[in-house]
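Q: Starting off with a structure, shown below.
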Amino acid sequence: MKDILGILNDLRRPRLLLRAARLGADEYSRNQHLKRHLGYGAFPRSGPALMRLLELESDINDKRRTSDASYSLVKHVDVLIAVLGEARLLRASRPVS
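Going by my numbering, the first residue of the sequence shown is number 2, and it counts up by one from there.
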């Protein structure tokens, strides 16, 4: 079983999507992004938040791959920004080995 960062490392998306998300991740705001994607209330820690964001992103990516009319490029990039932002927070919180 892979850990959450291993799953993230195996994520394969179009280069342009990831490039846009990396640029946006520098401006990542946990309060704004998680509220928008996970709803209101207490935010989960970075690990559980990242898992929920990855599930949401997977659903959005399925819409992209099947050319679903409800696919939103803007939402996809925004979720990827949150994924990258939470991954940075998770990496920063782990002890250095």
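By construction, the Cβ of each residue, glycine as well, lies at the ideal position given by its N, Cα and C atoms.
Just so you know, these numbers come straight off a predicted model, no measurement behind them.
Quick check on the DSSP output: the alpha helix (DSSP H) that includes Gly-42 runs from which residue to which?
A: Unbroken run through Gly-42: none, as it is neither H nor E.
Q: If you count every other CB in all the chains shown that lies within 10 Å of the CB of Asn-32, and 16 or more means buried, which is it?
A: Exposed, by the Cβ-count rule.
Q: Less than 8 Å between C-beta atoms, sequence neighbours within five positions excluded: which residues of the same chain meet that for Met-2?
A: Confidence at Met-2 is low in this model, with a pLDDT of 43, below 50, so its placement is unreliable and no value can be given for it.
Q: In whole angstroms, give me the CA-to-CA distance for Ser-73 and Arg-95.
A: The straight-line gap from Cα to Cα measures roughly 33 Å.
Q: Any idea what DSSP makes of Ser-73, helix, strand or coil?
A: Residue state, collapsed to three classes: coil.
Q: Does DSSP put Ser-68 in a helix, in a strand, or in coil?
A: In this structure, Ser-68 counts as coil in the three-state DSSP scheme.
Q: Go ahead and label Ser-71 buried or exposed: buried means 16 or more other beta carbons lie within 10 angstroms of its beta carbon, across all protein chains shown.
A: With fewer than 16 other Cβ atoms within 10 Å, it is exposed.
Q: At a cut of 8 Å, does the segment 16-27 reach the segment 40-54 through at least three beta carbon pairs?
A: These segments do not touch.
Q: Please work out which residues of its chain come closer than 6 Å, Cβ to Cβ, to Ala-83, disregarding the five sequence neighbours upstream and downstream, and give them in chain order.
A: So the qualifying residues of the chain are His-34, His-38, Leu-54.
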